[in-house]
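Those protein sequence lines, which keep their order, are chains A and B.
This note's numbering numbers the first residue of the first sequence as 5 and each following residue consecutively.
This note's numbering numbers the first residue of the second sequence as 5 and each following residue consecutively.
We put the beta carbon where it would ideally sit given N, CA and C, even for glycine.
Computed from a predicted structure; not experimentally measured.
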Amino acid sequence: MALIPNIDEAQRATENQRKQMPQAHKGLTVGGHTLSSRLIVGTGKYDTLELMRDSLAASGSNAVTVAVRRERMYDRSGQNVLDYIDPSKYLLLPNTAGCYSATDAVRVAKLGREILRALENPGANWVKLEVLGDSKTLLPDPVATIEACKTLVDDGFDVLCYTGDDPIVARRLKEAGAASVMPAGSPIGSGQGILNPNNLQIILEYLKEDDPDYPVIIDAGVGTASDVSVAFELGADGVLLNSAIAHARDPIRMSVAMKHAAIAGREAYLSGRIPKRLYATASSPEKGVITSRPW
Amino acid sequence: MSESITIQFNGQTLDVLAGTTVTELLHQAEIRSKLVAVEINQEIVPHEEHAVHQISAGDIIEAVTLVGGG
């Protein structure tokens, strides 16, 4: 009989733990927007805009990143990416890709906001801030990123901030008012996955300490579905990816894989994985075996 | 007879008639004005002002839109 209260207690503890965990179905809340999918996908590098449109749909994502570039002149046949993104289905997240200074990033962010304002897209106050330090590695310039983040926050932007996997920089960005800190798993477009899970774990711990709902999104480096699962298993709130889908042999199919990987990783995280052990633990009862051990 | 003025538009040197508005410039360049943001000398000209904002000689104008990106 002594076992029964113990079981109750254990169940209660598990139940309490479960209640404390964020729920998967609640979606990703960042910068005043709640997204039902935890994947944010890019719209770049697709062979055709039709393929992009169908891949976005297959990914189940509700938010997509776009870049700000000069409009081509005198090109009547020029298709616009906006002709292939249904504004009622997707929140647009303009980026500052290609900027190498805080001044340029702020300038591009404001132009992106102006375009979305005219389109009446609710993502107008959003920006994915990216200030690069080097065109070969596309690694972020942490000093310029923090500076641009502060300026944009002061100007009323919700800043989703691309950064490396340095926990101190991540903390500085949160202090600067970033709506989300988005550490890279590995360099942009490299497909190397998550190179330093320990640093990401520290970032998650630092940024969510006393603020468990603060959104941390892993941005860049995803190569395949398992990378997405790993990010979510670490406790990330979201994953942002582009190349791994757009450059897959079959982007639509890879979108489906990414969607399931995100769900799998998030659910696994919320379920609480078992600890790793050096030795085996039998799954079948030890008691009642009819055979004998040879040792 | 309107005189023509020289401007820089998306990196190209261009001659337009004095008094040309932003809306007219975009129309001449066959650009869909709803999909672009316009910046003149690094200052954004809001959409609401495109129809009335006249271009001046020497203006450096950028018309940007959204493209695929990550």
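DSSP state of residue i mapped onto helix, strand, coil
i: A:V234; result: helix
i: A:G46; result: strand
i: B:A67; result: strand
i: A:C103; result: coil
i: A:V260; result: helix
i: A:I206; result: helix
i: A:K30; result: helix
i: B:Q12; result: strand
i: A:A286; result: coil
i: B:A22; result: coil
i: A:I119; result: helix
i: A:A61; result: helix
i: A:L143; result: coil
i: A:D223; result: strand
i: B:Q32; result: helix
i: A:G292; result: coil
i: A:G181; result: coil
i: B:A41; result: strand
i: B:E7; result: coil
i: A:T228; result: coil
i: B:H54; result: coil
i: A:G269; result: helix
i: A:T52; result: coil
i: A:E75; result: coil
i: A:I172; result: helix
i: A:N150; result: Contrary to the premise, residue 150 of chain A reads as Ile rather than Asn in this sequence. Helix, per DSSP.
i: A:V135; result: coil
i: A:L245; result: strand
i: A:K114; result: helix
Whole-number beta carbon distance between residue j and residue i, since they are thought to touch under 8 Å
i: A:A188; j: A:D223; result: 6 Å
i: A:I207; j: A:A174; result: 4 Å
i: A:G225; j: A:S190; result: 3 Å
i: B:V40; j: B:V20; result: At roughly 17 Å, the Cβ-Cβ gap does not stay under 8 Å, so B:V40 and B:V20 are not in contact.
i: A:L302; j: A:T149; result: Outside the shown range of chain A (5 to 299) lies residue 302 of chain A, about which nothing can therefore be said.
i: B:L70; j: A:V72; result: 6 Å
i: A:V70; j: B:G73; result: 5 Å
i: A:G36; j: A:D162; result: 6 Å
7 Å Cβ cutoff, residue i in contact with chain D
i: A:V110; result: Note that chain D does not occur in the displayed structure, where the protein chains are A and B.
Beta-carbon proximity check, residue i vs residue j, cutoff 7 Å
i: A:C153; j: A:L177; result: yes
i: A:Y210; j: A:P171; result: yes
i: B:I64; j: B:T24; result: no
i: B:V26; j: B:H51; result: no
i: A:G269; j: A:S233; result: yes
i: A:V68; j: A:V34; result: no
i: A:D145; j: A:V157; result: no
i: A:D169; j: A:N200; result: yes
i: B:I11; j: B:A22; result: no
i: A:W130; j: A:L97; result: yes
i: A:T100; j: A:A109; result: yes
i: A:P255; j: A:L32; result: no
i: A:L95; j: A:G48; result: no
i: A:S65; j: A:L43; result: yes
i: A:R74; j: A:G82; result: no
i: A:L244; j: A:I221; result: yes
i: A:E118; j: B:I48; result: yes
i: A:A261; j: A:E237; result: no
i: A:I249; j: A:M258; result: yes
i: A:D340; j: A:I192; result: Since the first residue of chain A shown is 5 and the last is 299, residue 340 of chain A is not available in this structure.
i: A:G195; j: A:G227; result: yes
i: A:K263; j: A:S63; result: yes
Opposing strand residues paired with residue i [DSSP bridges]
i: A:M186; result: A:Y166
i: A:P98; result: A:V70
i: A:W130; result: A:D162
i: A:T38; result: A:T33
i: A:L211; result: Looking at the DSSP assignment, A:L211 forms no beta bridge with any residue, so it has no partner.
i: B:I48; result: B:E43
i: B:G72; result: A:V70
i: B:T17; result: B:Q12
Interface residues of the segment 57-71 of chain B facing chain A [CB-CB below 8 Å]: E66, A67, V68, T69, L70, V71
Where the segment 231-260 of chain A meets chain B: residues whose CB sits under 9 Å from a CB there: L244, L245, N246, S247, A250
Positions along the segment 264-291 of chain A whose CB lies within less than 9 Å of some CB in chain B: none
Chain A contacts made by the segment 9-20 of chain B, where a contact means CB separation under 8 Å: F13, N14, G15, Q16
Chain-ordered residues of the segment 42-62 of chain A with a beta carbon less than 9 Å from chain B: For the segment 42-62 of chain A, which is checked against every Cβ of chain B, the residues closer than 9 Å are V45, G46, T47, G48, K49, Y50, L53, M56.
Contact set between the segment 174-185 of chain A and chain B, restricted to residues whose Cβ is under 7 Å from the partner: none
Under 8 Å (Cβ pairs) to chain A, residues found in the segment 23-41 of chain B: A33, E34, I35, R36, K38, L39, V40, A41
Near-chain B residues of the segment 67-78 of chain A - C-beta to any C-beta below 7 Å: Residues passing the 7 Å Cβ filter: T69, V70, A71, V72, R73, R74, E75, M77, Y78.
Near-chain B residues of the segment 96-107 of chain A (beta-carbon distance less than 9 Å), N- to C-terminal order: L96, P98, N99, A101, G102
Members of the segment 134-159 of chain A that neighbour chain B once the beta carbon cut-off is set at 8 Å: none
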